[in-house]
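Encoded as structure tokens, the structure appears first; notes follow it.
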Amino acid sequence: MFDLLASRLIRKISAIVYLPMMAGIALLATAPLSAAENLSGEVLLEETVDYQCSYPAPSNYVDVVKGQGSIPLVLPDKDGPIKGKGQFVHNGSGYSFAGPLFLEGQLQEGKLIFPFPKGYSGNQQVYNRTDIVTIRAEKNATTVLHPEPDTQGVRCSGNFTWKLTKPKERWRITINDQGTNVAMTGSNTVQEAGLIVSTERIVDVTIEKGKFKNAKGTARFVSMKGYSVPSDVYACKPAATAIIGTGTDIETERLDQTKWAKRFNPPKTQQDAKLKKQWETLKKANTPLIFPEHYSAQGKLIGKVLALQLPEKSGYTVGIYCKLNQSISPSKTKPVTERLDIDRALLDRKFQVTLTDGWHHEESWTVKNPGRPTRNGTTRISVKALE
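In case it helps, my numbering puts the sequence shown at residues 230 to 616.
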């Protein structure tokens with residue numbers, strides 16, 4: 230008897246609740262979109278159900294319905310037909326529906342337009358509405374349907390929400406730095422001379438369900454050219470020379486300690502053994518050296534703004550060879566005829582990047598290092614949507 234009553238109750242509810250009784254389509258995201266903001270490729274159309282209906286006497290039945298569903302879609306780059314199949318689960322008062330959702334619609338002038346999707350539960354069609362739903366092809370665009378206040382004595386209130394999301398996004402952030410690396414400065418002959426070094430860091434970022442997932446990056450040299458102020462005093466060029474680690478004095482000293490100091494041969498304590506093992510990972514390299522060449526990055530996404538954080542030590546080391554122009558007349562203070570120098574530069578590692586296709590930013594900077602000449606340069610950042 231219970232199964233029969235339950236079956237009748239479910240059939241009654243499915244015949245009433247899922248009739249076309251939602252009205253007043255409210256499109257929340259109505260601002261005009263640029264072509265760069267329109268979604269394309271793989272997206273997810275999500276539904277959220279949260280409403281209740283009160284039935285008149287003699288049943289005085291109150292049906293509280295909550296549920297969710299989603300339909301994966303592929304949006305084309307231009308107007309055209311769209312089809313998709315997803316799943317839904319709705320829980321009412323004493324019953325539940327679950328099964329496939331079918332959508333057929335059109336992408337038209339930046340909007341996704343479709344008749345209300347058809348839904349089935351146990352081979353029974355439980356979505357039989359004919360509403361035309363319109364939602365902009367924009368990330369997190371939302372359309373809300375509201376039930377009519379009174380239909381055949383049934384009073385309903387609540388929301389039936391459709392939201393368009395990008396479940397997975399991939400962005401390419403390109404960071405181009407150009408700066409001076411000074412080998413000679415502050416003489417009667419020359420104000421400064423050295424290299425202008427251009428580098429490029431490319432970071433591919435993955436966003437899942439609106440949150441930062443991971444980021445992988447590479448770094449490379451783009452160009453190195455000599456400069457002199459005044460321009461005709463010194464001819465400078467990049468030089469290949471051996472360095473330890475990334476070229477700091479402390480790295481050279483530590484490697485020497487592991488090789489020569491009695492303290493470490495053999496280590497007398499566990500702490501020294503650990504230090505020796507750590508320092509022996511330092512390797513010799515030749516300039517020019519960019520570091521790290523391959524790396525993982527961290528980030529935090531708030532809205533469209535990504536706080537991107539690259540590895541703590543991100544930079545490069547270059548060898549610089551400068552030679553005095555032979556046509557320069559000797560001054561009272563004899564100028565240096567040639568010089569070989571090594572300069573290690575750290576690059577900025579924290580950025581605020583807007584994840585919008587085509588976004589770019591440029592700024593100039595000055596870095597003052599104790600005991601080293603001041604560095605000047607520019608940083609250019611650009612963003613490209615990969616998917």
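C-beta: ideal position from N, C-alpha, C; glycine also.
Per the coordinates, the alpha-carbon of Tyr524 lies some 42 Å from the alpha-carbon of Gly296. Close CB contacts of Ser452 within its chain, under the 7 Å cut and outside five residues either way in sequence, are with Ser427 (chain order). According to the DSSP secondary-structure assignment, Arg568 is paired through a beta bridge with Cys551. Here Arg430 carries a strand assignment [DSSP, helix/strand/coil].
When DSSP states are grouped into helix, strand and coil, Leu484 belongs to the helix group.
Counting only residues of its own chain and dropping the five nearest sequence neighbours on each side, Thr435 has a CB closer than 6 Å to the CB of Arg399, Lys442, Asn443. Ala502 carries a helical assignment under DSSP once its states are collapsed to helix, strand and coil.
For Trp508, the secondary structure class from DSSP, reduced to helix, strand or coil, is helix. The straight-line gap separating the alpha-carbon atoms of Ser593 and Thr608 is approximately 6 Å. When DSSP states are grouped into helix, strand and coil, Ile479 belongs to the helix group. By the beta-carbon neighbour count (other beta carbons within 10 angstroms, threshold 16), Ile402 is buried.
Lys505 has its alpha-carbon roughly 10 Å from the corresponding atom of Gln499.
Annotated three-state conformation of Trp489 is helix, per DSSP. By DSSP's assignment, Glu377 forms no beta bridge with any residue. Going by DSSP, Trp400 is part of the beta strand (DSSP E) stretching over 397-414.
Put simply, of Cys282, Phe389, Arg358 the residue whose alpha carbon is nearest the alpha carbon of Val383 is Cys282.
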